[in-house]
Amino acid sequence: MSQLPGKAISYWIASTPHTSTFPSLTNDISVDIAIVGGGIAGITAAILLKRAGKTVVLLDAQQIATGVSGHTTAKVTSLHQLIYAQLIKEIGEEKAQIYANSNQAAIERVAKFVEEENIDCDFSRRNAYTFAETTETLDDVRSEFEAAVKLGLPASFVTETSLPFPITGAVKFDNQAQFHARKYLLHLARLIEGNGSYVFENTRVRNVEEGNPCQVVTATATVTAKTVIIATNAPILDQGLFFAKNYPKRSYIIAARIDPAKAPEGMYIGTGNDYYSIRTTPAPDGGLLLLVGGGGHKAGTVTNTEERYLKLENYARSRFGVEQFEYRWSTQDMVSFDQLPYIGKVTPLSNHLYVATGFSLWGMSKGTLAGMLLSDLILGIDNPWLKIYNSTRATPFVTVESLKNNLEVGFHWVGDRLKGLERSSLADVAPGEGKLLTINGHKIAAYRDEEGQIHAVSATCTHLGCIVNWNSAEKSWDCPCHGGRYSCDGKVLHGPPVKNLKRYKA
Ligand SMILES: Cc1cc2nc3c(=O)[nH]c(=O)nc-3n(C[C@H](O)[C@H](O)[C@H](O)COP(=O)(O)OP(=O)(O)OC[C@H]3O[C@@H](n4cnc5c(N)ncnc54)[C@H](O)[C@@H]3O)c2cc1C
Ligand code: FES
Numbered sequence: 001m002s003q004l005p006g007k008a009i010s011y012w013i014a015s016t017p018h019t020s021t022f023p024s025l026t027n028d029i030s031v032d033i034a035i036v037g038g039g040i041a042g043i044t045a046a047i048l049l050k051r052a053g054k055t056v057v058l059l060d061a062q063q064i065a066t067g068v069s070g071h072t073t074a075k076v077t078s079l080h081q082l083i084y085a086q087l088i089k090e091i092g093e094e095k096a097q098i099y100a101n102s103n104q105a106a107i108e109r110v111a112k113f114v115e116e117e118n119i120d121c122d123f124s125r126r127n128a129y130t131f132a133e134t135t136e137t138l139d140d141v142r143s144e145f146e147a148a149v150k151l152g153l154p155a156s157f158v159t160e161t162s163l164p165f166p167i168t169g170a171v172k173f174d175n176q177a178q179f180h181a182r183k184y185l186l187h188l189a190r191l192i193e194g195n196g197s198y199v200f201e202n203t204r205v206r207n208v209e210e211g212n213p214c215q216v217v218t219a220t221a222t223v224t225a226k227t228v229i230i231a232t233n234a235p236i237l238d239q240g241l242f243f244a245k246n247y248p249k250r251s252y253i254i255a256a257r258i259d260p261a262k263a264p265e266g267m268y269i270g271t272g273n274d275y276y277s278i279r280t281t282p283a284p285d286g287g288l289l290l291l292v293g294g295g296g297h298k299a300g301t302v303t304n305t306e307e308r309y310l311k312l313e314n315y316a317r318s319r320f321g322v323e324q325f326e327y328r329w330s331t332q333d334m335v336s337f338d339q340l341p342y343i344g345k346v347t348p349l350s351n352h353l354y355v356a357t358g359f360s361l362w363g364m365s366k367g368t369l370a371g372m373l374l375s376d377l378i379l380g381i382d383n384p385w386l387k388i389y390n391s392t393r394a395t396p397f398v399t400v401e402s403l404k405n406n407l408e409v410g411f412h413w414v415g416d417r418l419k420g421l422e423r424s425s426l427a428d429v430a431p432g433e434g435k436l437l438t439i440n441g442h443k444i445a446a447y448r449d450e451e452g453q454i455h456a457v458s459a460t461c462t463h464l465g466c467i468v469n470w471n472s473a474e475k476s477w478d479c480p481c482h483g484g485r486y487s488c489d490g491k492v493l494h495g496p497p498v499k500n501l502k503r504y505k506a
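With full-length UniProt numbering as the guide, the letters of the sequence shown map in order to residues 1 to 506.
Set out below in structure tokens:
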């Protein structure tokens with residue numbers, strides 16, 4: 001295996017303290033609102049509801065802001081690569097205007113929290129760019145600029161940027177922002193506790209029973225709450241069928257030292273099939289890190305994920321001349337088929353159960369927006385923006401993309417059961433390898449570590465029964481159906497599953 005660039009940890013996590021101050025839930029408690037998931041959506045909702053006088057509990061299966069929000073690129077912008085021209089075409093100018101206004105408002109919500117709470121999180125105003133390098137996507141970039149101007153966004157069209165390579169054109173949004181997502185979220189999370197409100201970590205929610213009141217069930221205790229928000233990125237409840245209305249997209253990031261004199265100003269994203277996301281962030285020692293992201297694919301469908309990091313490394317070396325790689329990490333987000341997140345009730349019949357998902361890799365603004373909208377909804381404040389994000393809207397099951405995705409899921413459910421038939425022994429797994437085996441008729445996912453020890457678990461995803469797939473760079477078992485992920489020992493890393501893979505004993 002080639003040497004991968006940098007340490008395998010997100011820079012945001014490596015540069016912030018471990019949140020050992022938050023306990024696990026051990027006793028039953030009662031609050032107004034229980035929020036499941038301590039990422040940007042859950043934390044934003046929690047802080048706004050607490051400010052409005054409600055008692056809240058924030059429950060996270062792992063540590064606060066170590067999910068997708070701890071692995072993001074953390075650009076806070078309403079320039080979502082290419083979206084406005086398509087939105088105007090598909091849902092009309094009036095609704096596209098809501099998308100533009102609400103995402104701009106989310107940026108200002110973040111800026112206001114930073115100012116009001118004096119949050120030290122490397123927040124800085126930056127311009128955001130979507131660029132074309134060839135003429136192939138230039139028309140798309142120009143159309144995006146025209147659509148953005150029509151919607152009153154702070155857009156201009158440029159042919160020169162501070163990137164150290166030529167482009168054919170870019171749409172530029174002024175006065176956007178970037179920050180250190182985890183510093184920001186940890187600061188907000190600390191403001192939640194007290195006066196009847198709580199934050200619990202290492203507390204996985206296994207089930208939510210909607211009622212009056214609702215019961216939020218964990219392995220150790222139950223929370224009773226009038227209202228529950230599911231903000232687990234991939235919803236852990238199957239009601240509402242959100243696993244079929246979104247698909248999970250996994251993507252990769254590397255961080256390298258860059259000479260500030262040679263670093264690009266602003267935040268960038270390319271266009272076309274093979275695009276890269278670029279920004280810089282201050283390093284704790286006063287230096288600068290260049291972040292380059294890309295290599296996206298549907299989660300659970302790629303085994304040789306090392307290749308994705310190596311490609312990013314080559315790109316960063318050749319385009320920016322960087323040599324010293326410090327960190328590499330990867331994460332995934334739910335992509336909604338109509339590009340609009342789902343924010344609101346879990347089903348049309350839900351009166352106490354809410355959800356936020358489908359941020360489509362732009363959840364720094366859309367996750368913030370979800371927190372704002374859910375808080376308004378629960379507080380009974382009429383918010384006209386909600387109508388385009390309504391989580392129970394008629395879903396585009398009939399779009400080509402969603403049909404294709406759900407057919408692929410069906411194929412995995414059936415076809416993957418035949419995988420691994422040719423291997424039947426743990427002895428077939430070499431050190432460092434993860435393999436699917438069929439032993440005594442059981443599908444087994446087996447990994448042999450570098451010391452030669454076998455880690456063997458059931459290969460059947462505990463969500464809806466698809467067969468998991470090995471992810472070699474992260475040493476995890478990833479489900480190709482709805483993005484569930486497990487450690488090599490079968491521990492849930494990412495929803496929708498809530499139960500670990502069963503250990504296999506030879
Ligand atoms: C590679 C990449 C780069 C990105 N870059 C950007 C960017 O530059 N700008 C931008 O706007 N967006 C970006 N995004 C998207 C953005 O990071 C996400 O949309 C956002 O972080 C999602 O936040 P969240 O609150 O939904 O999820 P999370 O941050 O994952 O929070 C969900 C939490 O729920 C917890 N949880 C899960 N299951 C349970 C359970 N059963 N019980 C209790 N807790 C549970 C998890 O532990 C987790 O902490 C990027 C996404 C990717 C994949
Ligand atoms: S995540 Fe749904 S079946 Fe695995």
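Heads up, the beta-carbon is just placed ideally off N, CA and C, and yes, glycines get one too.
**Study point:** When 493, 141, 3, 278 are compared against residue 164, the one with the closest alpha-carbon
**Key:** Along the sequence shown, read from residue 1 onward, the residue named residue 164 stands at position 164. Ranking 493, 141, 3, 278 by Cα distance to residue 164 puts 278 first.
Check your understanding: Would you report the Cα separation of residue 21 and residue 476, rounded to the nearest angstrom?
Key -> On the sequence shown, position 21 is the one that residue 21 refers to. On the sequence shown, position 476 is the one that residue 476 refers to. Those two C-alpha atoms are separated by around 28 Å.
Check your understanding: Quick one: is the Cβ of residue 481 within less than 7 Å of any heavy atom of ligand 2?
Key -> Translated into positions along the sequence shown, residue 481 becomes position 481. It does: the Cβ of residue 481 is within 7 Å (strictly closer) of some heavy atom of ligand 2.
Exercise for review: State whether the region 159-176 contacts the region 204-214, with contact taken as three or more CB pairs (one from each stretch) at a distance under 8 Å.
Suggested key: No, they do not touch.
Exercise for review: Return the bridge partner residues of residue 267 from the DSSP annotation.
Suggested key: Position 267 of the sequence shown, counted from the start, is the residue given in the question as residue 267. Answer is 128.
Practice item. Take residue 95 as the anchor and find which of 131, 367, 151 has the nearest alpha-carbon. Key: Here residue 95 refers to the residue found at position 95 of the sequence shown. With distances taken between Cα atoms, residue 95 lies closest to 151.
Review point. So, is residue 194 buried or exposed, given that buried needs 16 or more other C-beta atoms within 10 angstroms?
Key: Taking the first residue of the sequence shown as 1, we reach residue 194 at position 194. Exposed: under 16 other Cβ atoms inside 10 Å.
Check your understanding: What is the DSSP secondary structure of residue 398, counted as helix, strand or coil?
Key -> In the sequence shown, counting from the first residue as 1, residue 398 sits at position 398. Reliability of the predicted coordinates at residue 398 is poor, the pLDDT of 49 falling under 50, and the value obtained from them is presented with this limitation in mind. Here residue 398 sits in coil by DSSP.
Check your understanding: Is residue 492 buried or exposed, if buried means 16 or more other CB atoms sit within 10 Å of its CB?
Key -> On the sequence shown, position 492 is the one that residue 492 refers to. Per the 10 Å Cβ criterion, buried.
Exercise for review: Using alpha carbons as the reference points, say which of 288, 448, 234, 301 lies closest to residue 463.
Suggested key: Numbered from 1 along the sequence shown, position 463 holds the residue referred to as residue 463. If we check each option's Cα against that of residue 463, 234 comes out closest.
Practice item. Have a look at residue 23 and residue 200 and give me their C-alpha separation to the nearest angstrom. Key: Working through the sequence shown from its first residue, we reach residue 23 at position 23. Working through the sequence shown from its first residue, we reach residue 200 at position 200. A direct Cα-to-Cα measurement between residue 23 and residue 200 gives close to 5 Å.
Practice item. Find out if the Cβ-Cβ distance for the pair residue 496, residue 236 is shorter than 8 Å. Key: Along the sequence shown, one-based indexing puts residue 496 at 496. Along the sequence shown, one-based indexing puts residue 236 at 236. Yes; because the gap between Cβ atoms is below 8 Å, this pair is in contact.
Check your understanding: What three-state label does DSSP hand residue 504 in the structure shown?
Key -> In the sequence shown, residue 504 corresponds to position 504, counting from 1. The answer is coil: DSSP assigns residue 504 none of H, G, I, E or B.
**Study point:** residue 471 versus residue 252 - alpha carbon distance
**Key:** Position 471 of the sequence shown, counted from the start, is the residue given in the question as residue 471. Position 252 of the sequence shown, counted from the start, is the residue given in the question as residue 252. Taking the straight line from one Cα to the other gives about 13 Å.
Check your understanding: To which residues of the same chain is residue 288 closer than 7 Å at the C-beta, ignoring the five residues directly before and after it?
Key -> Counting from one through the sequence shown, the residue named residue 288 turns up at place 288. Closer than 7 Å at the Cβ level, and outside the excluded window around residue 288, lie 258, 260, 263, 280, 282.
Check your understanding: Going by the C-beta, is residue 372 closer than 7 Å to any heavy atom of ligand 1?
Key -> The residue given as residue 372 occupies position 372 in the sequence shown. Every heavy atom of ligand 1 is 7 Å or more from the Cβ of residue 372, so no.
**Study point:** Sub-8 Å separation of residue 456 and residue 506 beta-carbons
**Key:** Translated into positions along the sequence shown, residue 456 becomes position 456. Translated into positions along the sequence shown, residue 506 becomes position 506. Yes, Cβ-Cβ distance for residue 456 and residue 506 is below 8 Å.
Exercise for review: Would you decide whether residue 503 is buried or exposed? Buried here means 16 or more other CB atoms lie within 10 Å of its CB.
Suggested key: By one-based count along the sequence shown, residue 503 stands at place 503. So residue 503 counts as exposed.
Point to revise | Per-residue DSSP class, three states only, for residue 486 | key: For the purposes of this step, residue 486 is taken as the residue at position 486 of the sequence shown. Residue state, collapsed to three classes: strand.
Exercise for review: Using alpha carbons as the reference points, say which of 448, 425, 484 lies closest to residue 438.
Suggested key: The residue given as residue 438 occupies position 438 in the sequence shown. Nearest C-alpha to residue 438: 425.
**Study point:** residue 374, DSSP secondary structure in three states
**Key:** Within the sequence shown, numbered from 1, the residue matching residue 374 stands at position 374. Secondary structure at residue 374: helix, using DSSP grouped into helix, strand and coil.
Check your understanding: Excluding sequence positions up to five away, which residues of its chain have a Cβ less than 7 Å from the Cβ of residue 293?
Key -> Numbered from its first residue, the sequence shown carries residue 293 at position 293. Correct list, in chain order: 73, 251, 252, 253, 276, 277.
Check your understanding: Relative to the alpha-carbon of residue 367, which residue among 55, 18, 219, 75 has its alpha-carbon at the smallest distance?
Key -> Here residue 367 refers to the residue found at position 367 when the sequence shown is read from its first residue. Of the candidates 55, 18, 219, 75, the one whose C-alpha sits nearest the C-alpha of residue 367 is 75.
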